[in-house]
Structures are given as C-alpha cells and as structure tokens.
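Q:
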Amino acid sequence: MPHKKLFIPGPTEVMPEVLSAMSTPMIGHRSGEYTELQKRVTEKVQKLAFTSNPILFSASSGSGLMEGAIRCCTAKRAIVFSVGTFGNRWFEIAEGNGVPVDKEEAEWGKGTTPEIVDQYLSTGKYDCATITNSETSTGVMNQLEQYVPVFKKYPDVVWCIDAVSSFAGIKIEVDKLGVDVMVTSSQKCLALPPGLSLATFSPKAEERAKTVKNRGYYFDLLQLLKFIREKGFQYPSTMSVSHMYALDTQMDRIIKEGFDARFKRHKEMAAVVQAWAKKYWALYPEEKVASTTVSCIKNTRGINVADLNKELGKRGLTLSNGYGKLKEQTFRIAHMGDLQVKDVQELLGAVEDILKLK
Ligand SMILES: Cc1ncc(COP(=O)(O)O)c(C=O)c1O
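Residues -9 to 348 in our numbering are what the sequence shown spells out, letter by letter.
1. Using alpha carbons as the reference points, say which of 73, 236, 115 lies closest to residue 103.
2. Consider the C-beta atom of residue 76 and the heavy atoms of ligand 1; say whether any pair is separated by less than 7 Å.
3. Mapping DSSP to helix, strand and coil, what is residue 131?
4. For residue 273, write down the residues that DSSP places opposite it in a beta bridge.
5. Would the C-beta of residue 154 count as close to ligand 1, meaning under 7 Å from any of its heavy atoms?
6. Less than 8 Å between the CB atoms is what I'm expecting for residue 65 and residue 84, so what's the real figure, rounded?
7. Taking the alpha-carbon of residue 161 as reference, which of 184, 183, 147, 135 has the nearest alpha-carbon?
8. In this structure, how does DSSP classify residue 191 when only helix, strand and coil are distinguished?
9. With a threshold of 8 Å, are at least 3 pairs of Cβ atoms found where one atom belongs to the stretch 112 to 129 and the other to the stretch 75 to 83?
10. Say whether the stretch 30 to 44 touches the stretch 92 to 108, bearing in mind that this needs 3 or more beta-carbon pairs closer than 8 Å, one atom from each stretch.
11. Hey, how far is the Cα of residue 295 from the Cα of residue 321?
12. Roughly how many angstroms lie between the CA atoms of residue 45 and residue 149, to the nearest whole one?
13. If you measure from the CB of residue 32, is any heavy atom of ligand 1 nearer than 7 Å?
14. Just to confirm the assignment: which complete alpha helix (DSSP H) runs, minimum length 4, are found wholly within the stretch 66 to 114?
15. Check whether the Cβ atoms of residue 86 and residue 209 lie closer than 8 Å to each other.
16. Which same chain residues, not among the five before or five after residue 48, have their C-beta less than 6 Å away from its C-beta?
17. From this set, 20, 13, 197, 11, which residue's C-alpha is nearest residue 222's C-alpha?
18. DSSP has residue 122 in a bridge; who is on the other side?
19. At the level of alpha carbons, what is the spacing between residue 344 and residue 291?
20. Contact check, residue 62 vs residue 199 under 8 Å by CB: the rounded distance?
21. CB of residue 175 to nearest heavy atom of ligand 1: below 7 Å?
Below is the structure:
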C-alpha cells in the first residue's frame, strides 16, 4: 500500500531518520547505556518544556499518564474542566479509578474560562484540577496563561494539563506557568510513532502523591520517580527502548530546527488552514479559541467526508473525519509535528480540486 501523508491528529508523519532510530539494535533496559539514554533524553525534553522538574516516561500512550496524574494527585476531590471528548476522558478515568471527581463541561466549541475555574476552586472542595490545552475533538485551544492568576490563589490545588496534542507544537513554559503535571503523547506534535508518553512532575505533585494511599501500580507516578532517582534514569518495568532512541533523535532534530522556529511554523500552518476554513466552510470552535495544532472544520457544504478521504487517498493524502458525535458534521486537519506549510497547502489544494471549491 502506498503511504498516505497524514493530516490526522495523530499519529502524525514520522521522519525517516526517526523511524530508522527505532530500529537501533536493542540494549538492556537496566544497562548503563540505557540509563545514559534516558538521562540524555530527559535533559532535552526539560528544555522543550521549560522546566527543571523531573520528566516521567511511560511505555503507554498518553491516557496512561492521564490516569496516573488524576489518581496520584487527588487526595480530596478532582475537578475536570472539559471542552470535549478528551476532557471527558479524564473524568471517566477518574471515575473508573474510584477517584472522587466532578466535571465542568463547556459548551462544545468554547473554551474553559478562568472565571469558571475560579468559581469551582473557590468552593475549597477540590485539590486537583485538570485542563485540556488543545482539545483534539473540537479543535479548541485553552491558552494556559489565563489560568495562572487563578491557580496562584489556590496553592493546595495540583494543576494537571493535557498537552497531548499541543506539546512540541506550541510554547508551554511549565515552570513559569506553575503547571504541576503536564502530560503528552509521542504521536502528535513530537512526531514519533505511538506508544510512549511523558509527563512533567512538580514537587507539589510529588508531595500530594505521598498522601494518596491507592496510587495503583503501573501508573503510580511515585514509582516512576523512584526509578529515576534511585536507579538513575530507569523505568520500573521494561521501557520501549526503541521509542527512547527515536525521541533522542527527534529531540536533536527539534533543537536543530529551533524551538521558536518550530512554534512559528505551527502558527503559520494554523493560519493557512484557518483562513481556508473560513473561506470555504466555517470553523467549529469560536475563532478566538481555535487550536494552533488541529483545525476542526464545520461541514457546511454537507459533503461526505469519508468519500473525500477516499479521493484524497488516491493522491497519497488523508485527513480526519470529525470525532465521535461530530463525525461527518465536521472534519479535522492536523497541522502538527514535522509537517510544513507547503504540505498543508498541498492538502488544501487537493481538497479544492476534488470538491471543485470556488
Ligand atoms: C487531547 C487529547 N488528550 C488525550 C488523548 C489520548 O491520548 P493517547 O491516545 O495517547 O492515549 C488524545 C488522543 O488523541 C488527545 O488528542
């Protein structure tokens, strides 16, 4: 099957040199060589996350560390601020783990306001709060800076961020923002194959986790931290060593591109897609909260998205249908990872040609 260039919001295109780093001959996950590898990768990721906090890795996709975060950082009650499917997932994860939790779900297409966050936290009921940075189902991006003054007022609340579809595509200054746990997955803006996730973990989150009795096993964040501290950059079970090699190579590529250049490229791709969406369709989210990494576009022309994708496939391209209840009502174009403006233009041109858009 010929490869179709991916404009879906994960997995994203993976560069050949990153794919070939995945096939580096295996080493033992308890070897000194592995320890050096995880340490090296950690230092590079800390730079991209603008943090001096430890980086926890998991040989799972991002949902695993989302589970670890809400379970380990809630002693009293968690509040999940949702703007779509993945916010709702955090709520379901908490419920499934028996973590006391409430959910505040914004009208789809709108963001989480700092006022609503303040309103919930001021009740004193909560000691953990989650916010979705980029909601992949609705294309809503919550700008993190707006919540900083609110979280400053509630120092007992551990602030967890879902940056699964934003980290490495936009600037997230973890320490400056005061984010306690920021979770991301490998298969989005980091442009690696799926199967690895990582999280930043603040001293406040660590202290909270110490007070939580049932932290589970595989996603016990204190266990992950213990193996980093005591074994020296290792992982409690068997790490996906191949992903670590790939991330090492990819971080070198990202550093070579330059963080600011990478963030700028994402903004440029978003501007091109959003302008096109407004010309021929309409954006699903309110424009002021439209995501820099994925655009959710209203299917105002009533096309059959699946048929469009079949035609695109013949040209070696693919985009994404709407997610869940938004299927066929919307379609999504990811502009993340290592895609370039010219790639996005190629896709948009192909859609215009297939649908004879004027
Ligand atoms: C915003 C967001 N959060 C969470 C997830 C779940 O991540 P994963 O599939 O890596 O478990 C996704 C996946 O698409 C996502 O887009």
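Even for Gly, the Cβ is constructed at its ideal location relative to N, Cα and C. Being a predicted model, the structure only gives us computed values, none of them experimental.
A: Well, looking at it:
1. The count along the sequence shown starts at 1 and reaches residue 103 at position 113. A check of alpha carbon separations from residue 103 across 73, 236, 115 identifies 73 as the nearest.
2. Here residue 76 is taken as the residue at index 86 of the sequence shown, counted from 1. Yes, the Cβ of residue 76 comes within 7 Å of a heavy atom of ligand 1.
3. As a position in the sequence shown, residue 131 is number 141, starting the count at 1. In the three-state scheme derived from DSSP, where H, G and I count as helix and E and B as strand, residue 131 is classed as strand.
4. The residue given as residue 273 occupies position 283 in the sequence shown. Answer by DSSP bridge pairing, in chain order: 287.
5. Here residue 154 corresponds to residue number 164 of the sequence shown, with the count starting at 1. Under cutoff, so the answer is yes.
6. Indexing the sequence shown from 1 puts residue 65 at position 75. Indexing the sequence shown from 1 puts residue 84 at position 94. Between the beta-carbon of residue 65 and that of residue 84 there is about 13 Å, and that puts the pair past the 8 Å contact cut.
7. Residue mapping note: residue 161 aligns to position 171 of the sequence shown, counting from 1. Residue 135 is the option with its Cα nearest to residue 161.
8. In the sequence shown, residue 191 corresponds to position 201, counting from 1. Residue 191 falls in the strand class under three-state DSSP.
9. Yes: the two stretches touch, three or more of their Cβ pairs being nearer than 8 Å.
10. By the Cβ criterion, the stretch 30 to 44 is not in contact with the stretch 92 to 108, since fewer than three pairs of Cβ atoms, one from each stretch, lie closer than 8 Å.
11. Translated into positions along the sequence shown, residue 295 becomes position 305. Translated into positions along the sequence shown, residue 321 becomes position 331. Taking the straight line joining both Cα atoms gives about 7 Å.
12. Here residue 45 is taken as the residue at index 55 of the sequence shown, counted from 1. Here residue 149 is taken as the residue at index 159 of the sequence shown, counted from 1. Residue 45 and residue 149: Cα-Cα distance of roughly 16 Å.
13. Taking the sequence shown and counting its residues from 1, one reaches residue 32 at position 42. Shortest gap from the CB of residue 32 to any heavy atom of ligand 1: 7 Å or more.
14. Runs of the alpha helix (DSSP H) inside the stretch 66 to 114: 75 to 86, 104 to 111.
15. Along the sequence shown, read from residue 1 onward, the residue named residue 86 stands at position 96. Along the sequence shown, read from residue 1 onward, the residue named residue 209 stands at position 219. Contact: no.
16. Looking up residue 48 in the sequence shown gives position 58. Exclusion of the five residues before and after residue 48 leaves 54, 55, 187 as the residues of its chain whose Cβ lies within less than 6 Å of its Cβ.
17. Reading the sequence shown from its first residue, position 232 is the one you call residue 222. Minimum Cα distance to residue 222 is reached at 20.
18. Translated into the one-based positions of the sequence shown, residue 122 becomes position 132. Answer is 152.
19. Taking the first residue of the sequence shown as position 1, residue 344 is located at position 354. Taking the first residue of the sequence shown as position 1, residue 291 is located at position 301. Cα to Cα, the separation comes out at about 14 Å.
20. Here residue 62 is taken as the residue at index 72 of the sequence shown, counted from 1. Here residue 199 is taken as the residue at index 209 of the sequence shown, counted from 1. The beta-carbon separation of residue 62 and residue 199, rounded to 4 Å, stays under the 8 Å limit for a contact.
21. The count along the sequence shown starts at 1 and reaches residue 175 at position 185. Yes.
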